[in-house]
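Working notes, structure below.
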Amino acid sequence: MDKAELHEARTNPEFLNYLEQTRLDAIQTENISALYEVLDSMLILDLDEEKINAIYETILKIAFEKIETIVNSGKKLQLKNDELLYIRSFYEHAIEKWSYNDFNGAKEFLFLLIHIIDDEKLIDAFKVHLIACSKEIDLDSF
3 MDKAELHEAR TNPEFLNYLE QTRLDAIQTE NISALYEVLD SMLILDLDEE
53 KINAIYETIL KIAFEKIETI VNSGKKLQLK NDELLYIRSF YEHAIEKWSY
103 NDFNGAKEFL FLLIHIIDDE KLIDAFKVHL IACSKEIDLD SF
């Protein structure tokens, strides 16, 4: 999107109403896919930071609950459907912690991801991240 299109989207009441209604519906139905659609749109358009943070918190809450259910049933997360978004949320949370030099917090989430997903290539990639956090290499240097 160019600057004019971004401005149009930011000021289009129909689009903003759509985002708000989608946000409310997604929270009520715990639809993580729709929440990410709203979150990504709001980030691109640089909209209300408080709402963005609230959406992100809701995504994490849903992901924690759903991951707990999946793991407690003896399964691992697959790279498809909503499970991919649960993985995304944990990874983003790990990266956020890492970006603030919370190496232990980042390591905890990366370690958890390594043990709850069913994809060897992604596990190997997360192991590289985990090693960097263990060596306390800041995210920018990584």
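Just so we're on the same page, our numbering is the position in the sequence shown counted from 1, plus 2. Here a beta-carbon is modelled for each residue, glycine too, at the ideal position from N, C-alpha and C.
task: Count the C-beta pairs between the region 94–101 and the region 33–46 that are closer than 8 Å, then say yes if the count reaches three, no if not.
output: no
- request: Tell me I157's beta-bridge partners as DSSP assigns them.
  value: Because the chain in this structure spans residues 3 to 144, residue 157 falls outside the shown range and cannot be described.
field: L47 versus F105 - alpha carbon distance
entry: Stepping through the sequence shown from its first residue, residue 47 is reached at position 45. Stepping through the sequence shown from its first residue, residue 105 is reached at position 103. Their Cα atoms are separated by approximately 31 Å.
- request: Just mark K5 as buried or exposed, buried being the case when its beta carbon has 16 or more other beta carbons within 10 Å.
  value: Residue 5 sits at position 3 when you count from the first residue of the sequence shown. When all chains shown are included, K5 counts as exposed.
task: Give the straight-line distance between the Cα atoms of D84 and L37, rounded to the nearest whole angstrom.
output: Counted from its first residue, the sequence shown places residue 84 at position 82. Counted from its first residue, the sequence shown places residue 37 at position 35. In a straight line, the C-alpha of D84 is about 11 Å away from that of L37.
query: Closest by CA to L87, which one among K109, Y102, I64, K77?
result: Numbered from 1 along the sequence shown, position 85 holds the residue referred to as residue 87. Considering only alpha carbons, the answer is I64.
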